[in-house]
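A short write-up of the structure that comes next.
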Amino acid sequence: MRVFVLPLAAVILAGPLAGQPSLVGPALFASPAHPVSPAGLSFVRLAAPEAQEMGLSEIAVSLYQKALSTPGADRQSLELALATSLLDAGRPDEAAAALGAAPNRDAAAWHLRQGLTDLALRRFDAAQTEAQACASEQLDAADRPWYNYLLGVLAGNGGDAGRAEQLFRQAESGAQSALIRARFKLAEMEQSLRRTPPTTEELVSAQSAAAHYAHQAVGYDYARALAVMLAQLGRPADALRLLDEQIDRLPADASAAGRPERADDLRMLEGVIGGAEGGSGRAALVALLQGGEGEDRRRVALEMLAEASRRDPQRREFRGILDRMIGAPANAKSPLLDDLLLYRANEAIDDGRPAEAITLADRLLTEFPGSELKPHALAVQTRAAWNQERYRAAAALAGQARDATGWADGRSLFGVVVAEAWFRAGLRGGDPADFRSAASAYAVVIRRPPAGFSSSELRYQRVESEIMAGALAHAAALIDEMARLPEFNVVDRWRCEWNLAVALQQHGEAGAAYARVNSVRAEAPGPGMPPELHGRMAWLQADLAYENGQYVDALRLAGGLDGATARVPEPLRAQIRAWGPLLQGRALFSLGRDDDARAELARLRDEWPRSDAAVESFLVEATHSAAQGQIPAALRLLLQLADQFPDSAYADNALFQAAQLSERSGRPDDLDRARELIERLVNRYPDSPLVFDARMEEGNLLRSRNRFDLAQQTYESLLNNPRFSRAPDRVLAELALADCHSALAADPGHAEKAASLYQDVLERVDLQARPDSTDIRVEAGCKLGELYQRGRQEAEAQNVWFGEVIDPFLLHAAALGSTGRYWMARSILDLGEMLRAQGRAEEARTTFEIGEKAGLLDAALVRKRLSLSTPAAPH
């Protein structure tokens, strides 16, 4: 069966990929395991047969070996496939080992491959036994021709030449593509060289006949037979010399009877004997490929040259040959041109030239719309899109290839690629619709899983897609439904439960997560349950108990982690056990047992002093101390963390929290200490995600001390740093910088810069992604109006307050946050006060009443303002 799909695609997948939502908590528990990547395995299962069919048997071997190393792989089908490719690569001893590792040795497919292996090892009696044990009716359409080939070789070895020829013809007629037919011709020819060497009498007879009939048509046949005998006797140089002489003796007239066929046959034999790596064998195959008449032999030459041209200089030379053939006008209508285009497209994509590969595949699809290589050209384009991380395009192309192929298992494999491409598109772009498409694609593939896949792993991926799409209720229902199916194994079920619980936890549904984990943990884990997954699930149950306020249960469950992890291998067991005291300490704090909590955390630091849990324990205790108003104790703990664990993931956070606590104290010395800690954070951890927030904190601290000049420099350093050009809070730095210039507005230059910055923020319509975007713009508008007011530009102030703040945003007052409501109310008050001061009492009244009706101004405050706005009665 022709399978041409994504050769060498295994290199696309550097590691397992399946959805793994990260857990809120230690990164250690972000995933229960590394689940099988169905796309990764499907790429290999598609690529390996294609490489084998194209003659790239060594590549096929490496791909099947990679597939066998994947957890959860179907060893039976993969060992058989590996044995086939090893046979094709001329490594029968290794093929025998692969067959010995196959789980089921009663299958017809196994007996067939064992028979072919025995044949290659010249164990003819054993091969005959395997052929008799092979129930041919159980073989699939791709294997039946090889069964006929096996019988043909055995018949020829037994002296029945007529029967052998009949069986060889049946094998070729049963081949399902031109390249497979070519592979049979090559296999038949190679097999002829492995037969029992001729006797001296047979050799002398052949030499005599070849000499007697030289320059006659029959003489070429005798010479060919003599060349085979010489090769069988281990005299390849003599065989090649004889074949060269015969080719030179062919009639110069190309139309001479039988000349093209004999030339092709002699060159083919010379290539088989001499090999395609170099010398006269390679030269003969190149001549056959470029000028031969028979399509099948030319395809054999193409495969042999491709297999021998995987490295330079042969690879570079072969690429040039193909390019010249593809570009030659004489080949425009060649029936071999689509094969050449496909080989070059695959070679281009292997070399990292996807654009060239796409162009070549496009040409194949355009010029040969009915070619049997259409699905394979689409596969090349799928791989190019995949390599470029254009996963939606890859999904569409894989779908087209699936619809174009006639190979049933290939359709299923392409279906898996479609599903995984949608899944990766979702991971890349975060669009739930992509995950929904992945879930739908997996649902289709599950109905007929490809060979080498269990429906269980595909069901796991379907659930994972639903989880990533946010359809948590649907995912839960699927797990419950699948749990009743015997083909859904307990390990995949627990993995699904883990990921669902994590997702529920992240979506604020810790109660539902806790209920599901409790239900799962109440079940016996089963003999196939990995201890690692069992231990992780025990930890998750304890963590969820804490999150649900079940502090007593959390204490009990965390205390039982030692026993739950008894079979978990190190270092994971030590890591899980270390998190137990941390969780107990948190629970004890929540229960008001502070002394016990601190004792538990101290035990953690003593027993697992370098663990992540021990490091985090400083943050947990410091946070609790700060909440209790014990600022010095909290500062001591945070600085202890930063000093003792400077390389930990928590050190920058500890410095940042320490700076915030120091600032909170408010004393000059504490404020200086806060700045010192911020500088330490920024200098020691320049790549920390907290740098932006730390600099903002520093700027705010300087403003609180009226050091607007230094604060200005701090904010400008943020805005001028390319690293923060897309920082989510960049607009807050702009607003703060405007505040600095506004505070220094006695200088006209600062006033002008402040006005420009406020106006820019006020007009920032690109803030819609922020939920507080309107609040920020209203604040900027209010402050801009106040800046104009202080500068005695009352008309400009009124225009800003009413025209750019109140009028456009008042209708959305209900959607404003507390900050936005404050600045909107302040704008209304500022405008009303200005109007009242100008003697425009009615306008002031209207302004204040607008604020009251919008629920922004207190009624008593409005009455007070209105009384001030009312003109005094005449005396």
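Residue numbers (this note's numbering): 6 to 880. We treat Cβ as the ideally placed atom computed from N, Cα and C, and that holds for glycine.
**OP:** Could you have a look at Cys-139 and say whether DSSP puts it in helix, strand or coil?
**Re:** coil
Original post:
What did DSSP end up calling Arg-110 once you bin it into helix, strand or coil?
Top reply: coil
Subject >> Rounded Cβ spacing between Arg-127 and Leu-104 (contact assumed at less than 8 angstroms) >> reply: Between Leu-104 and Arg-127 the Cβ distance is about 17 angstroms, and since that is not below 8 angstroms, they are no contact.
Original post:
How long is the line joining the alpha carbons of Ala-306 and Arg-149, rounded to whole angstroms?
Top reply: 24 angstroms
**OP:** Below 8 angstroms on the Cβ atoms is my guess for Leu-836 versus Gln-803; work out the distance and round it to an integer in Å.
**Re:** 6 angstroms
Original post:
Straight-line CA distance for Gly-585 to Leu-642?
Top reply: 20 angstroms
Original post:
How many Å lie between Asp-408 and Leu-370 at the Cα?
Top reply: 15 angstroms
Original post:
Roughly how many angstroms lie between the CA atoms of Arg-80 and Pro-108, to the nearest whole one?
Top reply: 7 angstroms
Original post:
Assuming Arg-471 and Leu-483 make a contact with CB atoms under 8 angstroms, what is their CB distance in whole Å?
Top reply: According to the sequence provided, residue 471 is Glu. The question's Arg does not apply to it. Confirmed, about 6 angstroms.
Subject >> Status (buried if at least 16 other CB within 10 Å, exposed otherwise) for Gln-221 >> reply: exposed
Original post:
If you count every other CB in all the chains shown that lies within 10 Å of the CB of Ser-524, and 16 or more means buried, which is it?
Top reply: exposed
Subject >> Own chain residues within Cβ distance below 7 angstroms of Ala-638, not counting five before or after >> reply: Ser-630
Subject >> From Ala-785, Asp-771, Ala-774, Thr-779, residue whose alpha carbon lies closest to that of Ala-759 >> reply: Ala-785
Original post:
By DSSP, does Ala-337 sit in helix, in strand, or in coil?
Top reply: coil
Subject >> Tyr-152 and Leu-144 closer than 8 angstroms at C-beta >> reply: yes
Subject >> Backbone CA spacing between Leu-2 and Val-66 [nearest angstrom] >> reply: This structure leaves residue 2 out entirely; the chain is present only between 6 and 880.
Original post:
So which of Gly-860, Ala-518, Val-522, Ile-451 has the shortest CA-CA distance to Leu-490?
Top reply: Ile-451
**OP:** Put Pro-536 into one of helix, strand or coil per three-state DSSP.
**Re:** helix
Original post:
Can you tell me whether DSSP reads Ser-90 as helix, strand or coil?
Top reply: helix
Original post:
By DSSP, does Gly-634 sit in helix, in strand, or in coil?
Top reply: coil
**OP:** Taking all protein chains shown into account, decide if Gly-704 is buried (16 or more other Cβ within 10 angstroms of its Cβ) or exposed.
**Re:** buried
Original post:
In chain order, what residues of the same chain have a beta carbon less than 7 angstroms from the beta carbon of Cys-139, not counting five sequence neighbours either side?
Top reply: Ala-113, His-116, Leu-117, Gly-120, Tyr-152
**OP:** Just tell me which of Ser-417, Arg-453, Phe-419, Gln-466 has its CA closest to the CA of Phe-440.
**Re:** Gln-466
Original post:
How is Tyr-655 classed by DSSP in three states: helix, strand or coil?
Top reply: coil
Original post:
Can you list, in chain order, the residues of its chain whose CB lies under 7 angstroms from that of Arg-416, leaving out five sequence neighbours each side?
Top reply: Arg-407, Thr-410
**OP:** Taking only the alpha-carbon atoms, compute the straight-line gap between Arg-881 and Tyr-655 and give it to the nearest angstrom.
**Re:** One cannot answer for residue 881 here, as it falls past the ends of the chain, which runs 6 to 880.
Original post:
Which whole-angstrom value describes the C-beta separation of Ala-547 and Ala-529, a residue pair presumed to lie in contact below a C-beta threshold of 8 angstroms?
Top reply: Not confirmed; about 19 angstroms, so no contact.
Original post:
Would you report the Cα separation of Pro-576 and Ser-141, rounded to the nearest angstrom?
Top reply: 52 angstroms
Original post:
Apart from the five residues just before and just after Gly-822, which ones in its own chain have a Cβ nearer than 6 angstroms to its Cβ?
Top reply: Asp-777, Asp-780
**OP:** Compare the Cα-Cα distances from Leu-271 to each of Leu-432, Ala-228, Gly-239 and report the closest residue.
**Re:** Ala-228
**OP:** Evaluate Ile-811 with the Cβ neighbour count: other Cβ atoms within 10 Å of its Cβ, from every protein chain shown; 16 or more gives buried, anything less gives exposed.
**Re:** buried
**OP:** Quick one: residues in its chain with C-beta nearer than 8 angstroms to the C-beta of Glu-322, no 5 flanking neighbours on either side, listed in chain order?
**Re:** Ser-314
Subject >> Span of the alpha helix (DSSP H), counted from its first residue to its last, around Tyr-218 >> reply: Unbroken run through Tyr-218: none, as it is neither H nor E.
**OP:** Let me know if His-512 comes out buried or exposed under the rule of 16 or more other beta-carbons within 10 Å of its beta-carbon.
**Re:** exposed
Original post:
Helix, strand or coil: which one does DSSP assign to Asn-1?
Top reply: What is shown of the chain runs 6 to 880, which leaves residue 1 out entirely.
**OP:** Indicate the three-state DSSP secondary structure (helix, strand or coil) for Ser-747 in the structure shown.
**Re:** helix
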